[in-house]
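Some notes on the structure that comes next.
Residue numbers (the UniProt record's numbering): 1 to 79.
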């Protein structure tokens, strides 16, 4: 999820159908459980509000993107 929306503020405002599609692709066993997208968006909204003014969310989004890229590079190197 954070690969697509590294900024939790953008995840919170993303269209529900896009979040739902991304979640179902990442977790095919969860297809039977309705509504994970709303829970994800609600959590992202809460975290964004909690950290607002205490943490640089723009810098965090950059750090998340770099970390995910490093993890991908590491996985590719192991193959």
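Cβ atoms here follow ideal geometry from the backbone N, Cα and C, with glycine treated the same way.
>> Tell me the residue span of the alpha helix (DSSP H) that contains residue 36.
In response: Within the chain shown, residue 36 is the residue found at index 36, counting from 1. Taken as a continuous stretch (DSSP letters only), the alpha helix (DSSP H) holding residue 36 covers 36 to 51.
> Sorted by chain position, which residues of the same chain lie with C-beta nearer than 6 Å to residue 128's C-beta, five sequence neighbours on each side aside?
Replying inline: Any property of residue 128 remains undetermined from this structure, which presents the chain solely from 1 to 79.
>> Assuming the contact rule is C-beta atoms closer than 8 Å, residue 38 and residue 72 should be a hit. Round their C-beta distance to whole Å, please.
In response: The residue you call residue 38 lines up with position 38 of the chain shown. The residue you call residue 72 lines up with position 72 of the chain shown. Wrong, their Cβ atoms sit about 28 Å apart, outside the cutoff.
> Sorted by chain position, which residues of the same chain lie with C-beta nearer than 7 Å to residue 45's C-beta, five sequence neighbours on each side aside?
Replying inline: Start at 1 with the first residue of the chain shown, and residue 45 comes out as number 45. Correct list, in chain order: 12.
> I think residue 23 touches residue 1, with their Cβ atoms under 8 Å apart; what is that distance to the nearest whole Å?
Replying inline: Counting from one through the chain shown, the residue named residue 23 turns up at place 23. Counting from one through the chain shown, the residue named residue 1 turns up at place 1. Correct: roughly 7 Å between the Cβ atoms.
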